[in-house]
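Line by line, the protein sequences give chains R and Z.
The first sequence runs 0 to 86 under numbering that gives the first Met the number 0.
The second sequence runs 0 to 536 under numbering that gives the first Met the number 0.
Reviewing the structure listed below.
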Amino acid sequence: MAGLDPAIADLGRRYMSEYPEEADLATLLDLLPRPTHNPIDAARSTISTDFRNGDTVTVAGWVLAASEARAAAVVALACPGSGDGKC
Amino acid sequence: MLIRANDLAEGAALHGDVCIIGAGAAGITLALELMGSGLDVLLLESGDIDPDPATQGIYAGESVGQPLAVLDGLVELDEIRLRYLGGTTNHWAGYCRPLQPVDFQERDNLDISGWPIEHREMIPYWDRAAIWCRITDAEFSPEVWSERSGLQLPPIDDGIVSTTTFQISFPMPFGVVYRHDLTDATDTRVVLGANVVNIRNNAKQVTGLDIRTLSGRSLTVDAQMFVVATGGIENARLLLASTNADPNGIGNSNDLVGRHFTEHLQVYAGFGIFEPPLEDLIGFHGSDVTIESGRHSGEVHGIKYGLSLTSDHVMESPTTGLEAQFLLGHLPHGVPAQPGGPTMAEVTALYDLLGGNGPASTSAYIQVLAEQRLNPDSRVTLSDTKDPFGMPRTRLEWQYTQDDRDSVLSGLRTIAESVGAAGFGRLQIVPGGVHADAVDHLVDGELLSLYRSMPDQADPTGFPIGMGFHHMCTTRMAHDPSEGVVDSDCRVHGMDNLWMSGSSVFATGGVATPTYSIVALAIRLADHLKEVFTPSA
Numbered sequence: 000m001a002g003l004d005p006a007i008a009d010l011g012r013r014y015m016s017e018y019p020e021e022a023d024l025a026t027l028l029d030l031l032p033r034p035t036h037n038p039i040d041a042a043r044s045t046i047s048t049d050f051r052n053g054d055t056v057t058v059a060g061w062v063l064a065a066s067e068a069r070a071a072a073v074v075a076l077a078c079p080g081s082g083d084g085k086c
Numbered sequence: 000m001l002i003r004a005n006d007l008a009e010g011a012a013l014h015g016d017v018c019i020i021g022a023g024a025a026g027i028t029l030a031l032e033l034m035g036s037g038l039d040v041l042l043l044e045s046g047d048i049d050p051d052p053a054t055q056g057i058y059a060g061e062s063v064g065q066p067l068a069v070l071d072g073l074v075e076l077d078e079i080r081l082r083y084l085g086g087t088t089n090h091w092a093g094y095c096r097p098l099q100p101v102d103f104q105e106r107d108n109l110d111i112s113g114w115p116i117e118h119r120e121m122i123p124y125w126d127r128a129a130i131w132c133r134i135t136d137a138e139f140s141p142e143v144w145s146e147r148s149g150l151q152l153p154p155i156d157d158g159i160v161s162t163t164t165f166q167i168s169f170p171m172p173f174g175v176v177y178r179h180d181l182t183d184a185t186d187t188r189v190v191l192g193a194n195v196v197n198i199r200n201n202a203k204q205v206t207g208l209d210i211r212t213l214s215g216r217s218l219t220v221d222a223q224m225f226v227v228a229t230g231g232i233e234n235a236r237l238l239l240a241s242t243n244a245d246p247n248g249i250g251n252s253n254d255l256v257g258r259h260f261t262e263h264l265q266v267y268a269g270f271g272i273f274e275p276p277l278e279d280l281i282g283f284h285g286s287d288v289t290i291e292s293g294r295h296s297g298e299v300h301g302i303k304y305g306l307s308l309t310s311d312h313v314m315e316s317p318t319t320g321l322e323a324q325f326l327l328g329h330l331p332h333g334v335p336a337q338p339g340g341p342t343m344a345e346v347t348a349l350y351d352l353l354g355g356n357g358p359a360s361t362s363a364y365i366q367v368l369a370e371q372r373l374n375p376d377s378r379v380t381l382s383d384t385k386d387p388f389g390m391p392r393t394r395l396e397w398q399y400t401q402d403d404r405d406s407v408l409s410g411l412r413t414i415a416e417s418v419g420a421a422g423f424g425r426l427q428i429v430p431g432g433v434h435a436d437a438v439d440h441l442v443d444g445e446l447l448s449l450y451r452s453m454p455d456q457a458d459p460t461g462f463p464i465g466m467g468f469h470h471m472c473t474t475r476m477a478h479d480p481s482e483g484v485v486d487s488d489c490r491v492h493g494m495d496n497l498w499m500s501g502s503s504v505f506a507t508g509g510v511a512t513p514t515y516s517i518v519a520l521a522i523r524l525a526d527h528l529k530e531v532f533t534p535s536a
């Protein structure tokens, strides 16, 4: 996850605080579309479909595709530190 | 010609073929359309050419329902309408957009819906209304306007959400723009300072009007045909207060006059980020076009896009109409600041990584106008207090329901999902949690934080709702007198020679701003009056 914007991890942490039942890597990877060897690519391929199907989540009012919010959560779990500007 | 009631002799009796009460958008359009038809027209206006506090104060009354909210404050009944030549067009924002097909249809998901006329019947009148409203024409197709103006359209075409075009005629005070027409007409007398205090009738016909001036003069009016065109609240008040034949007022045997008072629900709804750069979204911000031909050739009006739920979606879903406008700015860095939650910059980072074809560069502030369900308990009645003429003042009980709030939330979410699916951007829904005066905070093209409450605190059962100053449906149109006050010709059920004009006759409110359709319906009524007029022997 090197090089990713730490802001994404912040958003992912917020998602997990609102959806604590998904706040572990195994659950998130299971919910993300296959292949999950790269959760970013997996999420990218399904975002439009999520929106079209109404498979969306709300994070502090932001209406996000479920897969993009979960991808952010994966980033957060891979970047446990916050506020250091690195990920 | 313009005359002042105070210049006429005490007790003077005025005669005309048609008497129109109220010189706002509806009344002035009617008068303009009847000019040269052979009919002698009297147009009565309570105020003068300019506003004065005493006349405006006649509009004061009680509001006992939902708060009359606008922007971040509350307003009174004598602020939401204007009582002088041109009426409420004197503060009209000029937004023109026709009612939509779904507005005219019976809808299974609503208790009360449908008009007794069809959408297609209105089209020729919207064509003519474009002239009086001083816009280019009755073309509202976003594709056509994109071609005409070169303004780029958003890539949203899913049958659920579509681009909406507004033509904006501002300022457009009818009393100023058409004053010379009214002054020069030889077959139209505009009587200023003429307050109708009673519509005399025998429960079948209007037999005359009793007029008073603020200085105490009394006049009467006699005509073959009468039209009440005093606005969505005052139209009901005048019928209710005219009790010489029936203590319940005129046309009120089914207790419908004043009921179904409907507004457009205005919600300051949240924020958004958009992928297209600001310069490619200028259509949402607004642009100017010049009228190329006709009466107003050379005049400039605005053109602007919004997003709205399609008629098909509203028809098929348990929701009501909704449209969203966007105030756009360059994406600010790290704002809106939102303690404890993702900032706009964080969502943008995610969007850039996952969502779009390029970085999101534009921020948006979202303002929503939503349809209100017809509610018989939302109503205009008469107050126990009296105006200077001894007429009961207005008592307004505006009522909307949780169903209306739910439709705002679901409609916003639908628009957010369509925007997301199109790869156009992301929306944040914070109903009522943003300040209404965003336009004052667009600093150097950057939209700064305007949260009035955090998204977590937004209350789906109590978020603030404002009004659009659109007062509708209080004498709604219906074939059946048990469902409405006027028939499809806008004639009061049971009355031979009394018609209503203005948004009070709307059978449903829809979501389109009403003035353009008020003008179209006035043109339609003018044609009808010409048709049914019987020259006296």
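The C-beta atom is built at its ideal place from N, Cα and C for all residues, glycine as well.
- Looking only at Z:ALA421, Z:PHE423, Z:ALA457, Z:GLY424, the smallest Cα-Cα distance to PRO430 (chain Z) is reached by Z:ALA457.
- Identification of chain R residues near ASP455 (chain Z) by a Cβ-Cβ cut-off of 7 Å yields ALA59, ordered along the chain.
- Per DSSP, the beta bridge partners of VAL433 (chain Z) are Z:TYR450.
- In this structure, PHE165 (chain Z) lies near TYR94 (chain Z), with their beta-carbon atoms less than 8 Å apart.
- Proximity to ASP495 (chain Z) across Z:GLU345, Z:LEU520, Z:LEU528 peaks at Z:LEU528, based on C-alpha coordinates.
- Legend: CB atoms of the stretch 421-434 of chain Z lying less than 7 Å from CB atoms of chain R belong to residues GLY422, ARG425, LEU426, GLN427, ILE428, VAL429.
- Close CB contacts of ILE111 (chain Z) within its chain, under the 6 Å cut and outside five residues either way in sequence, are with LEU373 (chain order).
- Taking 8 Å as the threshold, the shortest C-beta distance from ARG69 (chain R) to chain Z does not fall below it.
- Between the alpha carbons of ASN200 (chain Z) and LEU76 (chain Z) lies a distance of about 28 Å.
- Nearest Cα to VAL17 (chain Z) within the set Z:GLU32, Z:GLN324, Z:LEU41, Z:SER36: Z:LEU41.
- Under the three-state reduction of DSSP, GLY35 (chain Z) is assigned to coil, being neither helix nor strand.
- In this structure the stretch 417-424 of chain Z lies against the stretch 273-282 of chain Z, because at least three pairs of beta carbons, one per stretch, are closer than 8 Å.
- Counting only Cβ-Cβ distances below 9 Å, LEU76 (chain R) has no contacts in chain Z at all, with the closest Cβ about 15 Å away.
- Distances from the CA of GLU44 (chain Z) to each of Z:GLY60, Z:ARG188, Z:THR163 were compared; the closest alpha carbon is that of Z:ARG188.
- Here SER417 (chain Z) is not near ILE134 (chain Z), since their CB atoms are 8 Å or more apart.
- Residue nearest to ASP183 (chain Z) within the set Z:ALA30, Z:VAL195, Z:LEU308 is Z:ALA30 (criterion: CA-CA distance).
- C-alpha of PHE139 (chain Z) to C-alpha of TRP91 (chain Z): approximately 20 Å in a straight line.
- According to the DSSP assignment, ILE522 (chain Z) belongs to no beta strand (DSSP E) but to the alpha helix (DSSP H) extending over 514-531.
- Contact of ALA65 (chain R) with chain Z by beta-carbon distance below 9 Å is absent, the smallest such distance being about 11 Å.
- The stretch 390-403 of chain Z makes no contact with the stretch 277-290 of chain Z, as fewer than three CB pairs between them are under 8 Å.
- If you keep only unbroken alpha helix (DSSP H) runs of at least 4 residues inside the stretch 191-272 of chain Z, you get 233-240.
- Per DSSP, reduced to three states, the secondary structure at ILE130 (chain Z) is helical.
- Residue contact check for ASP23 (chain R) against chain Z: no CB pair falls below 8 Å.
- Taken atom to atom, the span from the alpha-carbon of ASP4 (chain R) to that of TYR450 (chain Z) is near 25 Å.
- For the pair ALA193 (chain Z) and LEU213 (chain Z), the CB atoms are not nearer than the 8 Å cut-off.
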